[in-house]
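**Q** Here's a structure for you.
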Amino acid sequence: MGLQTSGIIFIIFAFGIIIGLTVFSFYKIFAIKKEDEKSRS
Amino acid sequence: MQNKRDQWGSRIGLILAVAGNAVGLGNFLRFPVQAASNGGGAFMIPYFIFFLLVGIPLMWMEWGMGRHGGKYSHGSGPGIFDVLWINKLAKYIGALGLFTSTIIMVYYTYIESWTLGFSFFSISKEYFGLDNFESMKTFLYGYQGRASTPFFDGITISYIFFLITFILNFWVLYRGISKGIEKLAKIAMPMLFIFAIIIAIRVVTLGTPDPTHPENSVANGFGFIWNPDFSLLNNPKVWLAAAGQIFFTLSLGMGTIHAYASYVKPKDDIALSGLATSATNEFAEVVLGGSIAIPLAVAFFGIATTTAMAQGGSFDLGFASMPLVFEKIPFGQYFGFMWFLLLFFAGITSSVAMGQQVMAFMEDEFGFSRKKSTITLGIFIFIAVQFVIFFLKFGYLDELDYWAGTFGLVVFALVESIIFMWIFGAEKAWSEINSGADIKIPRIFFYIMKYITPLLLLLVMIWWLINDAIPILLMRSVDEENIPYIWAARIFMILVFVGFLLLIKLAWKKKEVNHGTAN
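The listed protein sequences derive, respectively, from chains A and B. Going by the working numbering, the first residue of the first sequence is number 113, and it counts up by one from there. Going by the working numbering, the first residue of the second sequence is number 693, and it counts up by one from there.
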């Protein structure tokens, strides 16, 4: 059976969406936090 | 009399706590089984469609409802619905949220304690030496008290782990939002991710453990989950399985997210926080959950045996097949310890969320102190769990799980989406979600939330009603000897629901009297 090319494509598709979404949301949160701290100081 | 409401100490703490509520045993046990048996990689197509059309929209709605209720010092279903809908009925409909949370907490705390027990059995190599699936299942059933086995003398050990779990849960709840739940999330969630990443790395580097069986490999395990079978996409059951998985994994329809969001400051963002929560949960489920149990089982037992194990349910996969694998790998006791402890962390961060909603009800609507609400809920849960423990083998837990933990969730989600988007008003709901937002939610989600999410929830509910709820209600596949216990579970659930209705009536009557006195 093995891991077929189509399976690898789906792994990249699923992992890509989720890792992308996670990185995007946490990057935004930390960027806003940094900005807030900057404006306070 | 109103207590000053607690607040979250930090945004990261809040996100970790809500993500902790969402990340549960299902992320690591239910998801891989669902994916493997519903089209593999192709399952991810309906999965992501439902994530976009039901998961994220409902997540934002629940955050919105919760923060709105919090402005009026309400953190549970009855109070929040009463604010959203000026109608005498609204608060009683909110009892559904209290009902699902309470019932799920009753049995979930016990299941959670099994993971703690098995993490101890892993490090102490208690089950090492059992070399087949049947003997491992016997070990599990002996621990649970479902069968008399040579491994355990009754359920004493199981009960001790339950007591530890119970005390931990209520200690965290007693400490409150910022000092208890948030602190727990800040410790448990990073630990959970570290353990899961370590185990996932170990899995992908296993290759082919037994060269005499080249077909049993990690690559084949990933192929088993991820190779797409597009022909299954024609089957509506696959789409409903995806909808159900999205729904369960995000812990929607329980009122727990409302409770947590009610402690968010009125001007704080919920749009980005809701998205981050969903993303964190999906990371735990798809990236980590999809890379551990099934690939590991296939690498050691092959596809046919793994399929048979998975058909036995998520618990057989997690508690019977995984320990067998840990026996076979170097330092297996440490990997086993991490596996079960990460499940314990996933469990406890969810069960405290269930308790929090009920405690918010007592504190917000009756003016109970934290101590009084902890003791009241603690006594109730402790008594109620006894029936779950001692009637486990008679299907008592399964009955609670179906009506509260499966069907009840979709009913509550459908009702809340209608109340928020149609009765409170879609424009008001949209502006509530976007108030203070750190990201701009695309306008298309307004239409999804108003039309598509409730419609899909209605379809899922009707499908489940016809295919599952009616046969289960009629006890079509229940053994004769279990029928009294199934009835006991049903009577218990009815009593809990009616009890909440009476408490709501009492709370609002009390408030009217206090209001009248104040005037």
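Backbone N, C-alpha and C define an ideal beta-carbon position, used for all residues, glycine too.
Count the other CB atoms, across all protein chains shown, that sit within 10 Å of the CB of B:Val1205; report buried if there are 16 or more and exposed otherwise.
**A** That one is exposed.
**Q** Check the C-beta distance from B:Val930 over to B:Asn730 and give it rounded, since I have them as a contact under 8 Å.
**A** Rounded, the Cβ-Cβ distance is 5 Å, consistent with contact.
**Q** In whole angstroms, what separates the C-alpha of B:Glu977 from that of B:Ala709?
**A** In a straight line, the C-alpha of B:Glu977 is about 16 Å away from that of B:Ala709.
**Q** Which residues, taken in chain order from the region 139–153 of chain A, show a beta carbon closer than 8 Å to some beta carbon of chain B?
**A** Flagged, chain order: Lys140, Ile141, Ile144 and Lys145.
**Q** Does B:Asp961 come out as helix, strand or coil in the three-state DSSP assignment?
**A** Correct three-state label for B:Asp961: coil.
**Q** Go through its chain and collect everything with a Cβ distance to B:Ile986's Cβ below 7 Å, but skip five positions before and after it.
**A** Same-chain partners within the cutoff: Pro724, Ala728, Gly913, Phe916, Ile917 and Thr998.
**Q** Could you tell me which chain B residues have their CB closer than 7 Å to the CB of A:Gly114, listed as they occur along the chain?
**A** In chain order: Ala911, Asn912 and Gly915.
**Q** If I measure Cβ to Cβ from B:Phe825 and keep anything under 7 Å in the same chain, skipping five residues before and after, which residues do I get?
**A** Closer than 7 Å at the Cβ level, and outside the excluded window around B:Phe825, lie Met1001, Ala1012, Ser1013 and Leu1016.
**Q** Any Cβ of chain A within less than 8 Å of the Cβ of B:Thr997?
**A** No, B:Thr997 lies away from the interface with chain A (no Cβ there is under 8 Å from its Cβ).
**Q** Span of the alpha helix (DSSP H) holding B:Thr830?
**A** Element bounds for B:Thr830: Phe825 to Gln836.
**Q** Quick one, which of B:Asp1171, B:Val1044, B:Leu1157 and B:Pro920 has its alpha-carbon nearest B:Leu860's?
**A** Comparing Cα-Cα distances from B:Leu860 to each of B:Asp1171, B:Val1044, B:Leu1157 and B:Pro920, the minimum goes to B:Val1044.
**Q** Is B:Leu980 closer than 8 Å to B:Gly1010 when the C-beta atoms are compared?
**A** No. Outside cutoff.
**Q** Can you give the beta carbon distance from B:Ser870 to B:Gln1049, rounded, assuming they're within the 8 Å contact cut?
**A** That pair is no contact at about 17 Å.
**Q** Quick one: what's got a C-beta closer than 6 Å to B:Ala711's C-beta in the same chain, skipping five residues either side?
**A** Answer for B:Ala711: Thr969, Thr972 and Asn973, listed in chain order.
**Q** Is the beta carbon of B:Leu1101 less than 8 Å from the beta carbon of B:Gly945?
**A** Closer than 8 Å, so yes.
**Q** Let me see if you follow: with CB-CB separation under 8 Å, is B:Ala985 close to chain A or not?
**A** Answer no: the Cβ-Cβ gap between B:Ala985 and chain A never drops below 8 Å.
**Q** Would you report the Cα separation of B:Leu1106 and B:Thr1098, rounded to the nearest angstrom?
**A** Roughly 13 Å between the two C-alpha positions.
**Q** Are B:Met736 and A:Phe122 close, meaning C-beta to C-beta below 8 Å?
**A** Their beta carbons are under 8 Å apart, which means B:Met736 touches A:Phe122 by this criterion.
**Q** Can you tell me whether B:Met736 is helix, strand or coil according to DSSP?
**A** DSSP places B:Met736 in helix when its eight states are reduced to three.
**Q** Please work out which residues of its chain come closer than 7 Å, Cβ to Cβ, to B:Met693, disregarding the five sequence neighbours upstream and downstream, and give them in chain order.
**A** Reliability of the predicted coordinates at B:Met693 is poor, the pLDDT of 47 falling under 50, and the value obtained from them is presented with this limitation in mind. Counting only Cβ-Cβ distances below 7 Å, and skipping sequence neighbours, we find Gly1059.
**Q** Would you mind sorting B:Leu855 into buried or exposed? The rule is 16 or more other CB atoms within 10 Å of its CB.
**A** That one is exposed.
**Q** Look at the alpha carbon of B:Gln836 and the alpha carbon of B:Ile1081, and state the distance between them as a whole number of angstroms.
**A** Those two C-alpha atoms are separated by around 8 Å.
**Q** When you compare the CB of B:Arg1182 with every CB in chain A, is at least one pair closer than 8 Å?
**A** Not an interface residue.
**Q** Three-state secondary structure (DSSP) at B:Arg697?
**A** Three-state result, B:Arg697: coil.
**Q** Helix, strand or coil, according to DSSP, for B:Met1167 in the structure here?
**A** Coil at B:Met1167, not helix or strand.
**Q** Hey, how far is the Cα of B:Ala1213 from the Cα of B:Ile1115?
**A** This structure does not reach residue 1213 of chain B, given that chain B is present from 693 up to 1211, and the question cannot be answered.
**Q** Say whether the region 755–763 of chain B touches the region 1147–1162 of chain B, bearing in mind that this needs 3 or more beta-carbon pairs closer than 8 Å, one atom from each stretch.
**A** Contact between the region 755–763 of chain B and the region 1147–1162 of chain B is absent, because fewer than three Cβ pairs lie under 8 Å.
**Q** Could you tell me the alpha carbon to alpha carbon distance between B:Ser805 and B:Phe1037, rounded to whole angstroms?
**A** So the alpha carbons of these two residues sit roughly 11 Å apart.
**Q** Any chance you could list the alpha helix (DSSP H) runs of at least 4 consecutive residues sitting entirely within the region 696–727 of chain B, in chain order?
**A** Whole alpha helix (DSSP H) segments, 4+ residues: 703–714.
**Q** Indicate whether the contact test is met: 3 or more Cβ pairs, each with one atom in the region 1078–1096 of chain B and one in the region 832–851 of chain B, closer than 8 Å.
**A** A contact exists between the region 1078–1096 of chain B and the region 832–851 of chain B.
**Q** List the whole-angstrom C-beta distance separating B:Asn1126 from B:Ile1133, where the pair is believed to meet the contact cut-off of C-beta under 8 Å.
**A** About 6 Å separates the two Cβ atoms, so the contact holds.
**Q** Could you name the residues of the same chain whose beta carbon sits closer than 6 Å to that of B:Leu898, not counting the 5 residues immediately before and after it, in chain order?
**A** Val910 and Ala991.
**Q** Is it true that the CB of B:Gly868 sits closer than 8 Å to the CB of B:Asp698?
**A** In contact: B:Asp698 and B:Gly868 (Cβ atoms closer than 8 Å).
**Q** Look at B:Met1051 and B:Thr1066 and say whether their C-beta atoms are less than 8 Å apart.
**A** Yes.
**Q** Under 8 Å, CB to CB, which of the residues in the region 114–132 of chain A have a partner in chain B?
**A** Answer in chain order: Gly114, Leu115, Gln116, Ser118, Gly119, Ile120, Ile121, Phe122, Ile123, Phe125, Ala126, Phe127, Ile129, Ile130 and Ile131.
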